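Chains as they are written, first to last, in the numbering used here: chain S, 1011 to 1295; chain F, 94 to 410; chain L, 468 to 779. Below is one structure, written out as structure tokens, with a few remarks after it.
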Amino acid sequence: MNETWIALKELRENRMAAVGAVIIIFLVFVAFFAPFLAPHNPLEQNLEKRLLAPNSEYPFGTDELGRGIFSRLLYGTRISLEIGVIVVGITALLGTILGCISGYYGGIVDEIIMRSVDVVLAFPSIILALVIAGLLGPGVFNLILALAVTHWPGYTRLVRGMTLSVKEKEFVEAARALRASSFYIMRRHILPNCINPVIVLATLGIAHTIIFAAALSFLGLGIQPPTPEWGAMLKAGIPYLRSAPFLTFFPGIMIMITVLAFNFLGDGLRDTLDPRAKEMLMMRK
Amino acid sequence: MTLLKIEDLGVYFNARGRIVKANNGVDLEIEENEILGLIGETGCGKTILGRAIIGLLSENVEIKGKIIYRGENLLTLSEDKMRQIRGKEIGMMLQNPSISLNPVLTVGEQIAEVYRYHEGIGKEEARKKAADMFKLVGIDPKRMDEYPHQFSGGMKQRVMIAIGLALNPRILIADEPTTGLDSSMKKKIVDLTSELVRSRNMSMLLITHDLEVAKRMCDRIAVMYAGELFEIASADKILSKPKHPYTQDLLDSLPRRGLKPIPGASPSLTSLPAGCRFHPRCRYKRDECSEKHPEMIETEGKNHVRCFLYKNDENKG
Amino acid sequence: MLKYILKRLLLVFVVVLGVTVVTFSAMQSAPGDPAEMIAVARYGEDLTQEEIEWVRVTEGLDAPVYIQYLGWLGHILRLDLGKSLITYEDVLEEILTRFPATLVLTISSLILSLLIALPTGIISAVRKNTIVDNTCMTGALLGVSMPNFWLGLLLIWLFALSLGLLPSFGYGSIKHLILPTITLGTSMAAITTRLTRSSMLDVLNQDYIVTAKAKGLDEKTILLRHALKNAMLPVITFVGLQLGFLLGGAVIVETIFAWPGIGRLLVDSIYARDFALIQGCVLFIAVIFALSNLAVDILYAYLDPRIRYEKK
């Protein structure tokens, strides 16, 4: 009885991660091969075929300018994944370095970095991103910048905490006694200890970033039409919500599946890689 | 008279796919008016045994054998009936009072609720009874409205005693009641507990790794190693003439007797050695020790030992 | 406890000061010449360079940045957030007219989310790894992954356009409140459910729960009396942090449902590039967020006796 339960539980955890990973691999594949998979040009307008309901030629129908929604969604995968990965790449790297420095050196450096974290977290993150994106104006680069500014503190807090606890361990003391350089100690002893929780946080961070990017584009402050971005497509569909609800249906489902996949993977990884960091991760946002 | 009889108790659970044999083939009796010590190193399964008696192991363990109390097997009792046993018939003091007391309830409430729940009495009356318990264990009842974190370690341990004894149970199971206390406080707690147990004609199962404490309190002592009992004998006998090589080593490790550590480490409960569980560390090891599993045999007086050294000569002496 | 509150208060002060620096420098770094923008907003497109320079001098925009900041801070401290560059309305007045709508929306969403999350999280924890738990947790993960702007549109499509049961946008009656509240409340409920469950599981594994069982108490008493209060402590802190999530979500929900709150005001002012109004909204939201976190911290301190009666 008990054996079955534990086995089931572990299977379930791993299965979640596996399902997430499979969906993500599939999405990456779609993003790479969008030009070959898409039946139509995502940007080509065809006003004679506007707002067609899903049919054999256009599996998800056409939008207000007669473009195939299915093809646009496939290309949209590219943008969402790109933004998610780039933003998380920048923030994880930056946040980890800052957290490491903060925890390792302490003192005034720590104080400055951690108060900056507090200040960024003092704004509801979507509002900060919104204002930055709004001031800078629309566009991919500005969107990435706005998301990056709001997303680094999580990593900094996490890594700082880990650094503080690793710093006191004997092997770090020993390395210091041997006059190893600070850089060497951080790279050799501290970072390897942080890598698992950072990976978990980054995976969940991609999910978060993709929703944020779509939200900003939905508000017209991120990616602009005619680029096939899911959030922007949702916005464009609003006037036709009554007559052509499929315009809003499918982009939303794509966002949800993608975000769900990263959440699955992140949750699964968290349970297997680092149960200790669970609490710290739950408290983020 | 035997009050509680444990027969061939086995407790197994699954940790990451491996079976942990936390208790195996445990036979033990607690007599009336007796303080029985259960000693062994950390992680040998003593706490599990204590919790098995009162039915507080997590749901996914497998339990075999019988625990007979007043003619009933506690292991087959319904949860409802078991609740009537807990606290009322068998009281329990968990180890480490700083995490075993609820941090958000006042200490007074934590005793009074026992009366309110089991005796169905009002708040005021329960509070009075709790105040009496406070006096009994030597705490000023004025401090009833304080929270556990405001108490010192010794005071918290007194609260645990008060909770364990609140309903006047027949048996008190005390799990490591002296851990974390300095030696003078340890002595006070030991004396207080023995006195209260003796004066109320109760029995007690004292679970401890501290031989000094066991010596001070117990009538009989059972020695546990890697989930098995190795020796059961009267306290005098075990301390003056230990039979099992492990008991001898354990006594030699006491500060008074030279602080000699036992070589090697206790085996993990997931991968136990074949034969006698102690043989890799035993200085009297013979061939059969690693091949056959020794049975518990009765020696003189109602004492028992699980070792091949005694199978011929002193058997049934 | 007083020491704890003072410490928090000091932190809030430092953070709000930081917030003003960030807000001010964000506006400074926005592309374009602020003097020109103000002048355009006031006098129209047809401007001479002298007129722009005149605005620059009268508005103090020629002073060094830190002087400008201090001047601006002085105004803020006197609760003067300036005037809208477009409508010329007083910014603070505009914000205060809009704020009640946001307050109604966030509070009703908070209540809805707690009504869903607390029972679900607790039941999930108590019935861990059963079908009930797995269903609730899958639902919660779906909720976390569902973008609320999409959920809002789906709700409008279903309840307003298809079934015609509820208004799709606007403000005024309870009926208008339902869809925005569901949109904002469910995503928050999903996150809170997960936290409640893990917090409850953590508490149920504590030794004091075993003590309670050893007393012979029944499951209900143990859950309600011994576990719940402990499990709620981290949930309260978390809900405090989530108020920011609600304020942020309100921006999107208010935009979808044409809800005349401060979130929509912010989005509109961003569209219009009305810097004074943007600045005012952001500052106001950050201060509200900081103060509500402070309130939650104080509540926490009150509920946790380990802080309330700090050992001297």
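A virtual CB, placed ideally from N, CA and C, is assigned to each residue, including glycine. As the structure is a computational prediction, the values presented were derived from the model and not from experiment.
- With respect to the 8 Å criterion, F1181(S) and G1030(S) are not classified as neighbours on the basis of their beta carbons.
- Flagged as an interface residue toward chain F: N697(L), by a C-beta distance shorter than 8 Å.
- Using a Cβ-Cβ cut-off of 8 Å, S492(L) is close to nothing in chain S; its nearest Cβ partner there is about 11 Å away.
- For Y1068(S), there is no enclosing alpha helix (DSSP H), as DSSP marks it with neither H nor E.
- Think of a sphere of 8 Å around the beta carbon of K680(L): the chain F residues whose beta carbon falls inside it are L149 and R179, in chain order.
- For L585(L), the nearest beta carbon of chain F is not closer than 8 Å to its own beta carbon.
- Pairing I147(F) with R111(F) gives a Cβ-Cβ distance that is not under 8 Å.
- The distance from the Cβ of A1225(S) to that of V1269(S) is about 11 Å, inconsistent with a contact at the 8 Å cut-off.
- Interface residue (Cβ-Cβ distance to chain F less than 8 Å): P772(L) is classified as such.
- The C-beta of D1073(S) comes no closer than 8 Å to any C-beta of chain L.
- Following the DSSP letters along the chain, one finds M253(F) inside the alpha helix (DSSP H) bounded by residues G246 to L258.
- With distances taken between CA atoms, M667(L) lies nearest to L700(L) out of I623(L), L700(L), I534(L) and R773(L).
- A distance below 6 Å between beta-carbons, with the five flanking residues on each side excluded, links T722(L) to the following residues of its chain, in chain order: R731 and V734.
- Taking every protein chain shown into account, the CB of H542(L) has fewer than 16 other CB atoms within 10 angstroms, so this residue is exposed.
- For the stretch 605-618 of chain L, the set of residues with a beta-carbon nearer than 9 Å to any beta-carbon of chain S comprises L608, L609, V611, S612, M613, P614, N615, F616, W617 and L618, in chain order.
- Ranked by Cα distance from G357(F), the options R370(F), I314(F) and G351(F) are led by R370(F).
- Among the residues of chain L, none has a CB under 7 Å from the CB of R1025(S); the nearest is roughly 12 Å distant.
- Contact between the stretch 193-202 of chain F and the stretch 236-249 of chain F is present: three or more C-beta pairs spanning the two stretches fall below 8 Å.
- Taking the C-beta atoms as reference points, L129(F) is found nearer than 8 Å to L298(F).
- Within the stretch 258-293 of chain F, the runs of alpha helix (DSSP H) that reach at least 4 residues and sit entirely inside it are, in chain order, 276-292.
- Around F616(L), the same chain offers I719 and I723 as residues with beta carbons nearer than 7 Å, after the five sequence neighbours per side are excluded.
- Taking a Cβ-Cβ cut-off of 7 Å, the neighbours of M185(F) in chain L comprise A681, given in sequence order.
- Taking a Cβ-Cβ threshold of 7 Å, the residues of chain F close to H693(L) are N195, in chain order.
- In this structure, DSSP gives T392(F) a state outside helix and strand, which the three-state scheme calls coil.
- Assigned with DSSP and collapsed to three states, D771(L) falls in coil, not helix or strand.
- Think of a sphere of 8 Å around the beta carbon of V1141(S): the chain L residues whose beta carbon falls inside it are A493, L733, I737, I745 and V749, in chain order.
- Within the DSSP bridge table, the entry for F106(F) names V113(F) and V154(F) as partners.
- Listed along chain L is no residue with a C-beta nearer than 8 Å to that of N1152(S); the closest approach is about 10 Å.
- Taking all protein chains in view, the Cβ of A679(L) is crowded by 16 or more other Cβ atoms within 10 Å, so the residue is classified as buried.
- Within the same chain, and ignoring the five residues on either side of K378(F) in sequence, the residues whose Cβ sits closer than 6 Å to its Cβ are H372.
- For I214(F), there is no enclosing alpha helix (DSSP H), as DSSP marks it with neither H nor E.
- If you draw a straight line from the Cα of S1135(S) to the Cα of L1047(S), it is about 36 Å long.
- Beta-bridge pairing by DSSP links K550(L) to D557(L).
- D513(L) carries a coil assignment under DSSP once its states are collapsed to helix, strand and coil.
- For the options P1045(S), L1157(S) and I1123(S), the alpha carbon positioned closest to that of I1221(S) is the one of L1157(S).
- Along the stretch 709-720 of chain L, the positions whose C-beta sits under 7 Å from a C-beta of chain S are G711, F712, L714, G715, V718 and I719, read in chain order.
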